[in-house]
Amino acid sequence: MTSLEGLADQVQLQASGLSKLLAEANLPSPSFAPDAPSAPPHGKEFKKIKHDLAALHVIVDFNVPDLVPLDGEVSYAEIASKVGIPEYRVHRILRHAMTSRIFREPRPGYVAHTGPSAAFLRNPVLRDWVSFNLDEVWKADTYLVETLRNYGSHIYWDFVANDGEGENKGWRQRRFAQGMKFRAAGNPQMHHHLHAAFDWAGLGKAKVVDVGGSAGHVSIELAKVFPDLEFVVQDFEGLTPFHDGVLDELKPRITFEAQDILQPNKHQNGDVYLLRSILHDWSDKYAVLILSNLVLALKDGARVLIADFIRPLTTQSGPMWLERLSTIRSMQMMIVVNTLERSEKD
C-alpha cells in the first residue's frame, strides 16, 4: 500500500514533468482566467460518474452487501439467484463498482468485501442515507428544470409523510430520519458547534423541546453531555417508533411527541425550543408560520434557539472549496425540498 508521503512525492514529480512539457512547448500554465486555454472536462469523466451512481444504486436497492460474507466470498451466480437479476448483469454491475473499491474479486467468478462495501453491513443507517440520495436526490436532480417551471410552490414534506399505503405509509420519511442519523454520526463537528454555541449547562434543570427533531439524534447527543436537561423530540407521528433506539440510560430524559410543525405547538412548558436545521427545510412563508406557532407556546423566559447553516454572501468570502460546500448544500435544499440555505442578508 502506497504511503501518503509516497503519493505526495508522485504528485510533485508529475507536476514538475507537466510544467517542463508546457515550458518546452511554449504553452501557458493551466488557469481559470477567462483567457486561459480551453480544456473542458472530458466527457468520459461524466459518463463514469453517472455509471458509478447507477451501480451503487443497484447494490444498495438489492441489498447486495448482505449477500456477501464479511470474512469470505460468494459467487456471482449465487448473488444473481438471490436478487433475481441475470448473472451477466450482476457481473457487469459489480465489476464496475469494483473500480471504485466497492467489493473486490478474490478469484474469477467470486465476490468479496472491501472496506467501503463492508461499511453497509457495519452501519445500517449508511444504507438509508445513500438510498435516500440515490432514490430521491439523484432523480430530482434530473428534473430540476421541469420543477422550476411547473411546480414552484409545492411542499416536499407533505409527500414524504403520506407516500405509501397502510403500514408502508410514510416510509420515505422514516428512511430520511435514519439517513439524518448517519449524517450526524459521521460529522461530530455538527454536535460540537451546537454544544459550544450556547450555554446549555447554564440552564440547570430545564426542558428542551427539539422541534422537528426527527429520530432524536441531536437530543441524544446533547443528553449525553448535559445530564440536567430533559428533552422532548417533536416530529411527525410516523417517527414515534424511533424512540426505541434511544439508549436505555437516556430514555427517562428523552420523550417523543407527535407534532405538526405547521400547527400551534402543543408543548407550553419548555425552557428552550430548539430548531436545529429546520428552517432551511421551509420557504420564507412557512418559516414565519413555524416561528409564529412557537411564539404562542412560549412561557415567560423561554427561548427559541435557531441553529442553521449560514450561506456566505459572495464567492469572495472564503476559499473555493468552502464555497463549493456551501453551494452543494444550497442546491440540495432547492432540489429536494424546494427551499434554500439562507445568508445573513436573507
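Mapping to UniProt numbering: the sequence shown position 111 is 111, numbers consecutive. Think of the CB as a built atom: it goes at the ideal place given N, C-alpha and C, for glycine as much as any other residue. If you're wondering where the values come from, they're calculated on a predicted model, not measured in any experiment.
In the DSSP output, which residue or residues are listed as bridge partners for residue i?
| i | result |
| --- | --- |
| residue 306 | 275 |
| residue 254 | 231 |
| residue 346 | Paired residue(s): none; residue 346 is not in a bridge. |
| residue 207 | 230 |
| residue 311 | 343 |
| residue 329 | Answer by DSSP bridge pairing: none, since residue 329 is not bridged. |
Check whether the Cβ atoms of residue i and residue j sit closer than 8 Å, and answer yes or no.
| i | j | result |
| --- | --- | --- |
| residue 126 | residue 120 | yes |
| residue 79 | residue 67 | yes |
| residue 265 | residue 294 | yes |
| residue 307 | residue 222 | no |
| residue 254 | residue 212 | no |
| residue 335 | residue 144 | yes |
| residue 267 | residue 234 | yes |
| residue 236 | residue 305 | no |
| residue 65 | residue 117 | yes |
| residue 232 | residue 218 | no |
| residue 309 | residue 329 | yes |
| residue 22 | residue 31 | no |
| residue 134 | residue 53 | yes |
Suppose you measure from the CA of residue i to the CA of residue j; what does that come to, to the nearest Å?
| i | j | result |
| --- | --- | --- |
| residue 248 | residue 3 | 43 Å |
| residue 55 | residue 142 | 17 Å |
| residue 246 | residue 322 | 34 Å |
| residue 101 | residue 261 | 42 Å |
| residue 311 | residue 137 | 21 Å |
| residue 113 | residue 77 | 16 Å |
| residue 165 | residue 9 | 57 Å |
| residue 224 | residue 251 | 11 Å |
| residue 110 | residue 81 | 14 Å |
| residue 7 | residue 288 | 51 Å |
| residue 320 | residue 50 | 24 Å |
| residue 148 | residue 333 | 13 Å |
| residue 87 | residue 95 | 12 Å |
| residue 85 | residue 62 | 10 Å |
| residue 98 | residue 24 | 39 Å |
Under a three-way DSSP split, which group does residue i fall into?
| i | result |
| --- | --- |
| residue 230 | strand |
| residue 112 | strand |
| residue 75 | strand |
| residue 101 | coil |
| residue 7 | helix |
| residue 295 | helix |
| residue 107 | coil |
| residue 29 | coil |
| residue 85 | coil |
| residue 280 | helix |
| residue 286 | helix |
| residue 260 | coil |
| residue 202 | helix |
Could you confirm whether any beta carbon from chain D is found closer than 8 Å to the beta carbon of residue i?
| i | result |
| --- | --- |
| residue 165 | Included in the structure is just one protein chain, with no chain D present. |
Q) Contact between the region 222-229 and the region 203-210: three or more CB pairs below 8 Å? A) yes
Q | Inter-stretch contact (C-beta, 8 Å, three-pair minimum) for the region 290-300 and the region 270-281 | A | yes
Q. Do the region 94-109 and the region 69-76 make contact, defined as three or more Cβ pairs closer than 8 Å?
A. yes
Q. Would you say the region 277-295 touches the region 339-346, given that touching needs at least three Cβ pairs under 8 Å?
A. yes
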